[in-house]
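Numbering (my numbering), first residue to last: 128 to 298.
Here a beta-carbon is modelled for each residue, glycine too, at the ideal position from N, C-alpha and C.
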């Protein structure tokens with residue numbers, strides 16, 4: 128499991144541990160605090176704010192469980208959508224020349240930067256050194272393996288998809 132997946136699991140566990148408690152802002156006398164209303168209706172004071180806390184800071188903390196719930200739902204929908212789309216990618220690769228495709232990618236400056244930043248390749252890479260870096264990342268001896276070894280082809284397709292995602296988010 129990747130470090131990101133483990134962190135996401137921790138976030139989910141912490142969110143579940145709240146057990147549906149609703150957080151609300153309370154002000155009594157000169158005190159401002161967050162109160163959690165449990166499923167049983169019990170009110171628990173969970174955090175006090177310093178008098179100079181800004182309204183944005185207070186709102187952020189009070190809204191945290193709702194925001195985390197929203198973001199986890201968003202992550203779940205993205206994961207579900209990507210899993211639905213995954214079989215389409217597998218079908219698209221049936222008769223491609225992955226070796227040639229990999230050679231063309233190594234000629235692209237953006238792909239070489241991706242190999243440096245995402246995979247720790249020693250840069251600056253040239254088209255020739257990018258080929259070596261690519262073989263190391265894919266654990267192959269020759270790009271020809273991409274056309275004859277299904278596991279190598281799968282690794283190439285995954286790498287290519289990661290590169291395209293990296294490009295979309297602006298590196």
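According to the DSSP assignment, residue 170 belongs to the beta strand (DSSP E) that extends over 170-175. Judged by beta-carbon spacing, residue 252 lies beyond the 8 Å limit of residue 263, meaning their Cβ atoms are not closer than that value. For the 8 Å CB-CB criterion, residue 142 and residue 188 do not form a contact. Boundaries of the alpha helix (DSSP H) harbouring residue 287: 277-295, taken from the DSSP string.
The residues 265, 267, 272, 273, in chain order, have a CB closer than 7 Å to that of residue 279 in the same chain once the five nearest residues on each side in sequence are set aside.
Residue 232 counts as buried, since at least 16 other C-beta atoms from the protein chains shown sit within 10 angstroms of its C-beta. Taking all protein chains shown into account, residue 136 has fewer than 16 neighbouring C-beta atoms within 10 Å of its C-beta and is therefore exposed. Excluding residues up to 5 positions away in sequence, 225, 229, 265, 273 lie with their Cβ nearer than 7 Å to the Cβ of residue 283 in the same chain.
For the segment 184-215, there is no continuous alpha helix (DSSP H) assignment of 4+ residues that stays within its boundaries. Within the same chain, and ignoring the five residues on either side of residue 160 in sequence, the residues whose Cβ sits closer than 7 Å to its Cβ are 153, 172, 174, 175, 176.
Taken through DSSP and simplified to helix, strand or coil, residue 257 comes out as helix.
Here residue 148 has 163, 165 as same chain residues with Cβ atoms under 6 Å from its own Cβ, once five neighbours each way along the sequence are excluded. The three-state reading of DSSP puts residue 232 in helix, counting H, G and I together. The Cβ atoms of residue 245 and residue 293 sit closer than 8 Å to each other. Counting of Cβ neighbours within 10 angstroms places residue 286 among the buried residues, the total reaching 16 or more.
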